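FYI, our numbering numbers position 565 of the sequence shown as 565, with every residue one higher than the one before it. C-beta atoms are modelled at their ideal positions from N, C-alpha and C, and glycine is treated no differently. The model shown is predicted, which means the values in this text are computed figures rather than measured ones. First up is the structure itself, then whatever we jot down about it.
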Amino acid sequence: MKTSLFRPAIAFLFVALAVGVHNKVLAQRGAFNWAKDGYQYFSAGRNGGIDELDTRDSSKRTTVISKAMLTPAGKSTLGISGFKFSEDNSKVMIFTNTKRVWRYNTRGDYWVYDINAKTLKQLGIGKPESSLMFAKFSPDGSKAAYVSEHNIFVEDLASGNIKQLTFEGEKKLINGTFDWVYEEELECRDGFRWSPDSKLIAYWQIDARKIKNYLMLNTTDSIYPYTVPVEYPVAGEDPSSCKLGVVDINSAKTTWMDIPGDNVQHYIPRMEWTTNSNEIILEQLNRAQNESKLFIANAGSGAAQLIHDEISDTWIDSWRRDPIGWSWLKDGKSFTWESEKDGWNHVYRITTTGKETLITKGDYDVISLNCIDETGGYLYFTASPDNATQKYLYRVKLNGSSKAPERVTPKDLPGTHEYVVSPNGKVALHTFSNSYTPYETEIVSLPENKHISGQHIALKTDAKNKPVFFKVKTVDGVEMDGWMVKPTHFDSTKKYPVVFYVYSEPAGATVTDTYGATRNGEYIGNMADDGYIYISLDNRGTPAPKGTAWRKAIYKNIGIVNIRDQAMGAKEILKWPYVDSSRVAVHGWSGGGSCTLNLLFQYPEIYKTGISVAAVGWQLNYDNIYQERYMGVPTDDAGRAPFIKGSPITYAKNLRGNLLYMHGTGDDNVHYRNAEQLINALIKYNRPFQLMSYPNRSHGIYEGEGTSLFLRTIFTQYLKEHCPPGPR
């Protein structure tokens with residue numbers, strides 16, 4: 001239920017990829033690779049190869065892997081979807097010919113170019129085309145391991161010999177990667193890890209054989225329709241069984257880790273090797289996701305020791321943590337860990353014996369951890385203590401002695417700042433934007449934040465009709481952040497229609513001071529030029545850096561707390577003299593689509609027109625990991641009650657205004673069943689509405705020629721017809 005979050009994120013992604021940077025996840029996918037010295041980095045070259053660039057001199061660019069090196073005999077040059085170097089930089093692995101798995105292209109072909117031998121070889125010869133996943137070099141650079149068709153293989157790079165390490169893998173018994181729900185809701189994709197000594201591989205095994213298939217119907221790709229099965233555990237259904245194994249690459253023998261607790265009633269969202277080759281560290285979540293345990297398991301015996309335990313009254317946001325890697329400190333006996341247990345998201349240092357030290361202190365949230373500079377003795381992170389819509393870089397002493405964080409980002413650039421810090425902690429790729437300044441990227445030195453190369457970042461001075469950020473306080477005493485884009489030729493003596501953009505759920509915030517966040521990508525034309533006031537509010541429950549109480553207020557109340565906050569905020573806005581209360585529209589996608597329906601149905605006196613896309617109409621339809629995290633585990637009538645109370649279909653009989661509902665029939669995330677249940681409810685209560693179904697389109701409704709333009713056309717026409725633009 002996260003599609004509505006993609007618009008502001010996509011803007012940053014496109015710009016970041018253009019300059020070869022983004023964040024740690026993109027780095028691991030191969031958008032760029034830092035060189036070991038921390039000043040240079042590798043990037044896909046302009047001429048089909050790989051270049052090395054120097055952060056200190058933007059004119060310095062050296063081709064290290066040429067196009068010719070990546071051209072197999074008798075074939076076209078390999079397209080670079082991702083790349084990674086071996087530890088000694090003697091080999092480079094190329095990811096190419098990729099195919100989509102659920103949301104991302106995570107399977108494809110892998111080739112290895114040996115710089116010394118000057119040879120280019122494909123991995124997995126004999127395996128199906130584009131079937132390899134998450135290939136990675138062994139730490140010693142002599143081998144590569146990968147997943148193909150749900151099993152793990154290891155390949156000797158010198159001889160090309162391939163050895164199968166797991167054998168029972170099939171569509172629903174998955175080794176080294178994950179099922180749909182783990183990938184979607186816990187951000188888990190790459191499911192195996194090399195040991196530091198290159199002798200063992202630790203991996204997840206997901207057993208989804210007891211998970212019922214959700215059968216989607218494909219009626220477009222053949223004369224006879226056929227079903228597309230997806231193992232999809234809905235709320236209230238048991239999750240897939242999960243366990244961890246360590247396989248010896250010589251004997252292909254797996255030792256299973258003996259983690260306390262039922263394999264079905266717990267999740268394992270994170271796992272990594274410690275700093276030695278006989279131990280793995282892992283996080284285990286109970287099914288309700290309100291207890292997080294950290295274990296260290298012996299790779300030889302499987303015995304596991306609990307080193308840390310945390311319990312919450314609501315839920316623990318483990319899914320937000322980086323699923324790849326572990327933030328070990330150089331002593332090899334301690335690591336950093338984030339927790340909200342004191343009411344704010346803070347960073348702690350935890351030892352392998354369970355001793356913990358608070359590093360960040362104060363009434364503010366750590367938004368993201370950017371760098372551990374042990375040489376300098378500092379921890380760098382992003383936060384925004386004074387304005388929840390923005391983001392800046394701060395640092396504190398790594399030993400926890402800082403009483404307050406030190407701001408690194410200059411104070412003359414209000415907005416949102418992203419930093420990709422080099423391994424040495426001395427330089428960073430710094431990206432800035434705000435609601436009226438497009439993304440700009442430079443390379444800076446740390447901690448001075450001094451410009452080295454790239455764009456000279458500056459606020460846009462000629463921006464017209466800048467978005468206005470404001471706060472609104474409701475009758476319940478809830479103060480929300482919001483942004484507003486006024487009509488281009490605004491006249492305060494006139495009244496204008498208002499269109500609210502909503503998401504409202506814990507997966508994302510909409511009120512961010514970032515470029516593109518205030519634009520409506522579904523609208524053809526310019527809403528401000530056409531005479532609309534465009535507004536978004538962030539209610540309680542959205543992941544703004546406002547403390548745990550703000551974010552967790554929505555627990556077991558999705559569809560209630562967020563809806564009332566939005567409606568009461570709108571009620572205050574309707575008191576503004578230039579807002580036309582007879583022309584009020586709301587729109588959203590996915591979770592925002594659910595919010596749109598609930599606002600129309602629960603507060604029909606406020607919202608006159610709604611456009612809802614791909615909404616969860618009945619919360620018990622949605623997957624267990626997401627919905628149970630925020631609403632509890634619905635094992636009986638009492639447990640199901642909050643789900644039903646927060647579902648739009650419960651209130652469908654109250655529709656009085658205009659509703660346009662859109663959904664893809666091939667949506668594997670929010671299934672089309674939600675649309676048909678909503679349709680039935682509206683028919684039952686004789687509530688006319690307009691429906692637009694998109695045959696065999698997924699959750700993003702973009703597949704097929706003309707689809708996106710058609711959706712935008714329908715959206716724009718409906719809004720103009722039922723909520724006419726312009727002053728009155």
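Just how far apart, CA to CA, sit residue i and residue j?
| i | j | result |
| --- | --- | --- |
| Tyr532 | Tyr364 | 36 Å |
| Met93 | Tyr348 | 35 Å |
| Pro725 | Pro497 | 6 Å |
| Asn557 | Ser241 | 28 Å |
| Ser647 | Tyr378 | 46 Å |
| Val396 | Lys552 | 27 Å |
| Lys84 | Asn33 | 7 Å |
| Arg320 | Leu186 | 8 Å |
| Ile316 | Ser292 | 7 Å |
| Asn658 | Lys571 | 19 Å |
| Ile324 | Tyr203 | 12 Å |
| Met480 | Asn47 | 49 Å |
| Gly559 | Ile80 | 44 Å |
| Trp576 | Trp483 | 15 Å |
| Leu5 | Ala252 | For Leu5, the pLDDT reaches just 37, beneath the cut-off of 50, and the residue's location in the model is therefore unreliable, leaving the point undetermined. |
| Tyr555 | Tyr630 | 5 Å |
| Phe470 | Asp538 | 11 Å |
| Gly617 | Asn674 | 5 Å |
| Ala463 | Thr389 | 19 Å |
When you compare each of the options to residue i by their alpha carbons, which one comes out closest?
| i | options | result |
| --- | --- | --- |
| Val613 | Glu231, His150, Tyr630 and Tyr672 | Tyr672 |
| Lys361 | Asn345, Thr493 and Arg46 | Asn345 |
| Gln619 | Lys653, Ile162, Lys575 and Val670 | Val670 |
| Tyr232 | Ile249, Tyr226, Asp207 and Leu244 | Asp207 |
| Ser222 | Pro423, Asn696, Asp258 and His722 | Asn696 |
| Asp190 | Lys199, Asn562, Ser590 and Asp179 | Asp179 |
| Ser433 | Gly415, Lys684 and Asn218 | Gly415 |
| Ser536 | Ala567, Gly525, Pro229 and Lys411 | Ala567 |
| Glu310 | Leu711, Ser301, Gly354 and Gly160 | Gly354 |
| Glu505 | Thr596, Val579, Thr488 and Lys495 | Thr596 |
| Val730 | Asn278, Ile280, Leu285 and Tyr224 | Within the shown structure, residues of the chain are numbered from 1 to 728, placing residue 730 beyond reach of any answer. |
| Val561 | Ala544, Arg540, Ser581 and Ala549 | Arg540 |
| Asp331 | Thr375, Asn298 and Phe710 | Thr375 |
Under a three-way DSSP split, which group does residue i fall into?
| i | result |
| --- | --- |
| Val25 | Legend: pLDDT at Val25 = 36, less than 50; position of this residue unreliable, value from coordinates given subsequently. Val25: helix per DSSP, three-state reduction. |
| Ala549 | helix |
| Phe715 | helix |
| Ile80 | coil |
| Cys371 | strand |
| Gly30 | Reliability of the predicted coordinates at Gly30 is poor, the pLDDT of 49 falling under 50, and the value obtained from them is presented with this limitation in mind. In the structure shown, Gly30 sits in coil (DSSP, three-state: anything other than H, G, I, E or B). |
| Ala303 | strand |
| Asn654 | helix |
| Arg697 | coil |
| Leu709 | helix |
| Ala517 | coil |
| Gly569 | helix |
In the DSSP assignment, find the beta strand (DSSP E) that holds residue i and state where it starts and stops.
| i | result |
| --- | --- |
| Leu537 | Ile533 to Asp538 |
| Tyr392 | Tyr392 to Lys397 |
| Lys99 | Lys91 to Val101 |
| Asn105 | Tyr104 to Asp114 |
| Leu379 | Tyr378 to Ala383 |
| Gln619 | Per DSSP, Gln619 belongs to no beta strand (DSSP E) and is neither H nor E. |
| Val498 | Tyr496 to Tyr501 |
| Tyr694 | Gln690 to Tyr694 |
| Arg687 | No beta strand (DSSP E) holds Arg687; DSSP gives it neither H nor E. |
| Arg209 | From DSSP, Arg209 is part of no beta strand (DSSP E); its letter is neither H nor E. |
| Gly610 | Thr609 to Val613 |
In the DSSP assignment, find the unbroken alpha helix (DSSP H) run with residue i in it and report its ends.
| i | result |
| --- | --- |
| Gly591 | Gly591 to Gln602 |
| Asp637 | Asp637 to Lys645 |
| Met133 | That residue, Met133, is in no alpha helix (DSSP H); its beta strand (DSSP E) goes Leu132 to Phe137. |
| Val181 | Trp180 to Leu186 |
| Arg629 | Asn624 to Met631 |
| Val228 | Not the alpha helix (DSSP H): Val228 falls in the beta strand (DSSP E), residues Tyr226 to Glu231. |
| Asp530 | Met527 to Asp530 |
- Item | Inside the segment 410-485 only - beta strand (DSSP E) runs reaching at least 3 residues | Runs found: 416-421, 427-434, 437-445, 450-454, 468-473 and 479-485.
- Item | Contiguous alpha helix (DSSP H) assignments of at least 4 residues, all confined to the segment 238-291 | Look at the segment 238-291 and you find no whole run of alpha helix (DSSP H) that is 4 residues long or longer.
- Message: List, from N- to C-terminal side, the alpha helix (DSSP H) runs of 4 residues or more that fit wholly inside the segment 315-352.
- Response: Qualifying alpha helix (DSSP H) stretches: none in this window.
- Message: Threshold first: 3 residues or longer. Then list the beta strand (DSSP E) segments lying entirely within the segment 36-86, N to C.
- Response: Fully enclosed beta strand (DSSP E) runs of 3 or longer: 40-44, 50-54, 57-65 and 82-85.
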